[in-house]
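Engineer: Residue numbers (my numbering), protein chains in the order written: chain A, 348 to 685; chain B, 489 to 609.
Every residue, glycine too, gets a C-beta built ideally from N, C-alpha and C.
Since this is a predicted model, take the numbers as computed values, not measurements.
Laid out in structure tokens, this is it:
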């Protein structure tokens with residue numbers, strides 16, 4: 348009888364625990380994509396307050412880091428660099444002050460550039476501007492224009508010192524598009540943790556972080572098949588990880604029968620064509636975001652070697668032929684769909 | 489030692505718990521539907537069983553959604569990049585179509601439930 352009672356009690360405890368944490372979620376259009384925050388929590392008011400605060404935090408990050416948002420800090424830096432240009436070459440004395448938050452993100456960008464041998468580079472801004480991917484009518488820039496602008500793309504020419512930034516050449520600028528989305532996800536997760544949320548997912552258009560477990564089990568995250576719309580390549584089961592994918596299918600346009608996607612190689616000025624998609628699993632979404640972009644450009648071989656070299660970083664790379672490679676630490680955690 | 493009342497109590501609790509499970513199961517076991525949201529507000533939930541066209545007023549203009557043979561797609565939109573139209577048909581639970589300029593989101597909901605919690609793309 349005692350055994351029976353114990354069994355029933357365990358069953359009831361499991362049942363009650365399973366039901367205490369309900370799902371709360373919110374979807375918003377932010378950072379040029381759909382942002383979804385999902386929280387599992389036992390208190391409705393607390394959960395909703397946490398979701399609202401973290402959404403607000405992402406909006407704040409967007410307004411600070413976007414190079415297209417007049418009034419953002421990045422916009423201001425690019426504008427000041429341009430104003431200096433009119434006066435003459437920007438000398439090393441002409442420093443532009445940067446907030447602490449942006450300064451550490453700039454330093455992280457440089458770190459990512461060093462790791463990826465410059466294939467991730469936030470000084471890509473002048474190239475971004477002429478490709479006009481953000482505009483209504485993107486177009487292939489002329490060869491001469493690309494060559495002219497390429498001289499201004501080099502992270503080595505971006506000088507960071509004592510909370511200030513300066514550029515080696517006039518005409519340079521920064522765009523954090525390859526890292527800001529991930530950074531915003533990290534910022535939202537920080538808020539959720541502060542609000543005592545133990546189980547949540549912050550998903551910014553497929554770039555996400557999963558906090559804790561989903562009702563006792565690992566989160567099951569699908570990786571999109573780069574060539575079959577609506578299908579997944581495989582699934583991974585994770586907790587407390589960021590999962591970010593860069594693919595050539597996300598944003599593109601056709602010109603003269605040729606397809607041009609939005610991941611531009613900062614060294615050639617043209618879309619990178621070594622990979623179809625790169626998925627990175629890491630502890631921070633900003634890092635995963637920058638690394639996925641950089642490795643997409645770096646290519647499958649050097650990219651996988653880099654992933655294997657980095658501690659706590661795993662990844663899946665689909666090369667241009669569609670062959671899939673998986674990093675050693677992910678082999679046991681990934682299930683491929685055929 | 490358990491009294492007769494204890495046993496009744498335990499039995500009732502187990503019965504209630506089991507019934508709740510069944511209830512959850514039946515509620516989620518409905519036929520596939522598409523949920524249409526504009527600016528984060530649900531505007532319509534449509535069954536995929538009936539073919540139809542839906543005219544919507546998005547944030548920046550008209551969006552037309554078509555339901556046919558258990559699938560759904562966006563056929564017309566005032567946006568420039570046409571990402572929503574190019575997405576094509578969707579029919580699996582968890583799949584969605586997004587039109588950012590019009591703030592329109594179409595999500596498939598269904599009895600199978602998504603096999604994954606989210607998709608990285």
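#1: Looking at the secondary structure, which residues open and close the beta strand (DSSP E) in which residue 589(A) lies?
#2: Based on the DSSP secondary-structure assignment, which residues constitute the bridge partners of residue 606(B)?
#3: Given a threshold of 16 other Cβ atoms within 10 Å of its Cβ, counted over all protein chains shown, does residue 489(B) qualify as buried or as exposed?
#4: Could you check whether residue 377(A) and residue 453(A) sit closer than 8 Å to each other, using their CB atoms as the reference points?
#5: Name, please, each residue of chain B whose Cβ falls closer than 8 Å to the Cβ of residue 571(A).
#6: Relative to the C-alpha of residue 423(A), which candidate in 606(A), 401(A), 446(A) has its C-alpha closest?
#7: From residue 700(A) to residue 502(A), what distance separates their C-alpha atoms?
#8: By Cβ distance, which residues of its chain are closer than 6 Å to residue 592(B), with the 5 residues on each side in sequence left out?
#9: Is the Cβ-Cβ distance between residue 370(A) and residue 387(A) less than 8 Å?
#10: Measure the CB-CB distance between residue 599(A) and residue 609(A) and report whether it falls below 8 Å.
#11: With residue 586(A) and residue 557(A) assumed to form a contact (beta carbons below 8 Å), what rounded beta-carbon distance in angstroms separates them?
#12: Could you check whether the Cβ of residue 580(B) sits closer than 8 Å to any Cβ belonging to chain A?
#13: Quick check on DSSP: helix, strand or coil for residue 516(B)?
#14: Under a CB-based cut-off of 8 Å, is residue 683(A) close to chain B?
#15: So, at 7 Å on beta carbons, what are the nonlocal neighbours of residue 485(A) in its own chain, with the 5 sequence-adjacent residues on each side left out?
#16: Hey, residue 533(A) and residue 633(A): beta-carbon distance below 8 Å or not?
#17: Name the two residues that bound the continuous alpha helix (DSSP H) containing residue 572(B).
#18: Using a Cβ cut-off of 7 Å, pull out every chain A residue sitting near residue 644(B), in sequence order please.
#19: Mind the definition here: the region 508-528 of chain A touches the region 392-400 of chain A only if three or more C-beta pairs lie below 8 Å; say whether that holds.
#20: In chain order, what residues of the same chain have a beta carbon less than 7 Å from the beta carbon of residue 607(A), not counting five sequence neighbours either side?
#21: Cα separation between residue 592(A) and residue 636(A)?
#22: Spell out the partners DSSP gives residue 585(A) in its beta bridges.
#23: List the endpoints of the continuous beta strand (DSSP E) containing residue 666(A).
#24: State the CB to CB distance for the pair residue 644(A) and residue 466(A), rounded to an integer number of angstroms; the pair is presumed to be in contact (CB under 8 Å).
#25: Note the first and the last residue of the continuous alpha helix (DSSP H) segment covering residue 489(B).
#26: Give me the chain A residues within the contact set of residue 575(B), using Cβ-Cβ distance strictly less than 9 Å, ordered along the chain.
#27: From residue 406(A) to residue 382(A), what distance separates their C-alpha atoms?
#28: For the beta strand (DSSP E) that residue 550(A) lies in, which residues bound it at each end?
#29: In chain B, which residues lie less than 7 Å from residue 553(A) when you measure between Cβ atoms?
#30: From what residue to what residue does the alpha helix (DSSP H) around residue 400(A) run?
#31: Expressed to the nearest angstrom, what Euclidean distance is found between the alpha-carbon atoms of residue 540(B) and residue 603(B)?
#32: On the three-pair Cβ rule with 8 Å, is the region 518-532 of chain A touching the region 569-588 of chain A?
#33: So, helix, strand or coil for residue 372(A), using DSSP?
Structural biologist: Put simply:
#1: Where residue 589(A) is concerned, the enclosing beta strand (DSSP E) stretches over 588-594.
#2: Under DSSP, residue 606(B) forms a beta bridge with 568(A).
#3: With fewer than 16 Cβ atoms within 10 Å of its Cβ, residue 489(B) is classed as exposed.
#4: Taking 8 Å as the Cβ cut-off, residue 453(A) and residue 377(A) do not qualify as a contacting pair.
#5: Those within 8 Å of residue 571(A) in chain B are 607, 608, 609.
#6: The shortest C-alpha separation from residue 423(A) is found at 446(A).
#7: Since the first residue of chain A shown is 348 and the last is 685, residue 700(A) is not available in this structure.
#8: For residue 592(B), where only same-chain residues beyond five positions count, the Cβ hits under 6 Å are 526, 546, 551.
#9: In this structure, residue 387(A) lies closer than 8 Å to residue 370(A) by Cβ.
#10: Taking C-beta atoms as the reference points, residue 599(A) and residue 609(A) count as a pair closer than 8 Å.
#11: That belief holds up - the Cβ atoms of residue 586(A) and residue 557(A) are roughly 6 Å apart, short of 8 Å.
#12: Closer than 8 Å to some Cβ of chain A, the Cβ of residue 580(B) qualifies, so yes.
#13: With a pLDDT of 42 at residue 516(B), under the threshold of 50, the predicted position of this residue should be treated as unreliable, and no value is reported.
#14: With a threshold of 8 Å between beta carbons, residue 683(A) makes no contact with chain B.
#15: Result list for residue 485(A): 478, 479, 600, in chain order.
#16: In contact: residue 533(A) and residue 633(A) (Cβ atoms closer than 8 Å).
#17: 571-575 is the span of the alpha helix (DSSP H), which, as asked, contains residue 572(B).
#18: Residue 644(B) falls outside the range modelled here, since chain B spans only 489 to 609, and no answer is possible.
#19: With a cut-off of 8 Å, the region 392-400 of chain A and the region 508-528 of chain A do not count as touching, because too few Cβ pairs lie within range.
#20: Short of 7 Å from the beta carbon of residue 607(A), and not among the five residues preceding or following it, lie these beta carbons of its own chain, in chain order: 487, 599, 600, 618.
#21: As the crow flies, the alpha-carbon of residue 592(A) is around 7 Å from that of residue 636(A).
#22: Paired residues: 566(A).
#23: That run of the beta strand (DSSP E) goes 661-666.
#24: Correct: roughly 4 Å between the Cβ atoms.
#25: Run containing residue 489(B): none; DSSP gives neither H nor E here.
#26: 576, 577, listed in chain order.
#27: In this model, residue 406(A) and residue 382(A) are separated by some 10 Å (Cα to Cα).
#28: Segment 546-551, the beta strand (DSSP E) holding residue 550(A).
#29: Within chain B, the residues near residue 553(A) are 607, 608, 609.
#30: Element bounds for residue 400(A): 391-412.
#31: One C-alpha to the other measures close to 28 Å.
#32: Counting Cβ pairs under 8 Å, fewer than three are found: no touch.
#33: Strand.
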